[in-house]
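K.L.:
Numbering (my numbering), first residue to last: 1 to 307.
#1: Tell me the rounded alpha-carbon separation between residue 295 and residue 283.
#2: Going by DSSP in three states, residue 217 sits in which element: helix, strand or coil?
#3: Roughly how many whole angstroms lie between the Cα atoms of residue 97 and residue 159?
#4: Should the segment 250–268 be regarded as contacting the segment 144–163, the criterion being three or more beta carbon pairs within less than 8 angstroms?
#5: Label residue 252 either buried or exposed according to how many other C-beta atoms from any shown protein chain fall within 10 Å of its C-beta, with 16 as the threshold for buried.
#6: How long is the line joining the alpha carbons of residue 210 and residue 227, rounded to whole angstroms?
#7: Can we say the segment 190–202 touches the segment 171–182, given the rule of at least three CB pairs closer than 8 angstroms?
#8: Is the separation between the beta-carbon of residue 132 and that of residue 203 shorter than 7 angstroms?
#9: Taking the beta carbon of residue 304 as the centre, do at least 16 other beta carbons fall within 10 Å, making it buried, or is it exposed?
#10: Per DSSP, what are the beta-bridge partners of residue 131 in this structure?
#11: Between the Cα of residue 125 and the Cα atoms of 163, 297 and 238, which residue gives the shortest distance?
#12: Considering just the uninterrupted stretch of the beta strand (DSSP E) at residue 283, what are its terminal residues?
#13: If the criterion is Cβ atoms closer than 7 angstroms, does the pair residue 189 and residue 168 meet it?
#14: What's the gap between the Cα of residue 165 and the Cα of residue 186?
#15: Given residue 292, which residues of its chain have a CB within under 6 angstroms of its CB, disregarding the five upstream and five downstream residues?
#16: According to DSSP, simplified to helix, strand and coil, what is residue 224?
#17: Return the CA-CA distance between residue 171 and residue 147, expressed in angstroms with no decimal places.
#18: Secondary structure at residue 143, three-state DSSP: helix, strand or coil?
#19: Which word fits residue 298, buried or exposed, when buried means at least 16 other C-beta atoms lie within 10 angstroms of its C-beta?
#20: Looking only at C-alpha atoms, which of 161, 241 and 222 sits nearest to residue 233?
#21: Along the chain, where does the alpha helix (DSSP H) that runs through residue 262 open and close?
#22: Hey, quick one: how far does the beta strand (DSSP E) through residue 169 stretch, first residue to last?
#23: Rounding to the nearest angstrom, what Cα-Cα distance links residue 156 and residue 271 in this structure?
#24: When DSSP builds the beta bridges, which residues end up paired with residue 258?
#25: For residue 280 and residue 201, I'd like the C-alpha separation in whole angstroms.
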């Protein structure tokens, strides 16, 4: 019997709840009245306000990028002491082990799970273009079936799952439209979601109504089953060079096979003041300038851990 929770696989098998968020095993917390008012105000904006918000996003992105560049430069200085200081402190230089090359592109018959909508590996990408894999639920949007969510949703979709129509009320993460436009200009965008295609395809059609943003869409069928209830997104199975691939996801289990390629993001539920996508785009704009994006991601994570 097909689950009525189409978007995400829980971390471990849990009994089905009677109602709640379709993306997580626990109900979403009710937003504060102030948060709901802020969301309604944002949605009622005029075209001029939308342009103003886009300009604000662009300004914030440039500022975030400058701060990250300064932090990277500082990290490089702090992490490279002079020989004299290192010797005085009793340190000796260690050789870094050679990084293993990216695994070869798997043959189609080597892929354990294949999306019925798009066989793996993916078609070749343009030479020199990097690939950005994006999760959907709790990364770009949040959805739930609770009718109370009507007051704070951006749009609704009504897929037919297991022969029954289910209404999902979808809230977009703040800044998602500007983020997708900026990311699509710099990367090949691939949505990689553990959600069912009946549901996720309708949401993606609303995020990308002209079909100009997402190069490919991968659904639950393209995920690997870890055997313990977890679904894993194997980037190597897509045929993309791991030196030029980044995944943005709120669930660490999803990128457990390639953690060095992951930019973690906080789960989004209903925070009108959320700025995660601005931060992520700042990191991505820097990673796009590296021969191996994993080097940029590693430096960023070192800065976060040291702060």
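Don't be surprised by glycine CBs; every beta carbon is placed ideally from N, CA and C.
None of the values given here were measured: they were computed from a predicted structure.
P.N.:
Reading it off the structure:
#1: 12 angstroms
#2: strand
#3: Residue placement at residue 97 cannot be trusted, given a pLDDT of 46 that sits under 50; what the coordinates show is reported in the next sentence. Residue 97 and residue 159: Cα-Cα distance of roughly 50 angstroms.
#4: no
#5: exposed
#6: 38 angstroms
#7: no
#8: The answer is no: Cβ separation not under 7 angstroms.
#9: exposed
#10: The bridge partners DSSP lists for residue 131 are 188 and 245.
#11: 238
#12: Unbroken run through residue 283 is the alpha helix (DSSP H), 276–287; no beta strand (DSSP E).
#13: no
#14: When rounded, the separation of the alpha-carbon atoms in residue 165 and residue 186 is 37 angstroms.
#15: 243
#16: Assignment of residue 224 by DSSP, reduced to helix, strand and coil, places it in the strand class.
#17: Rounded to the nearest angstrom, the two C-alpha atoms are 13 angstroms apart.
#18: strand
#19: exposed
#20: 222
#21: Secondary structure note for residue 262: it is in no alpha helix (DSSP H), and the uninterrupted beta strand (DSSP E) holding it is 262–264.
#22: Residues 168–172.
#23: 18 angstroms
#24: Listed as beta-bridge partners of residue 258 by DSSP are no residues whatsoever.
#25: Computed Cα separation, rounded: 24 angstroms.
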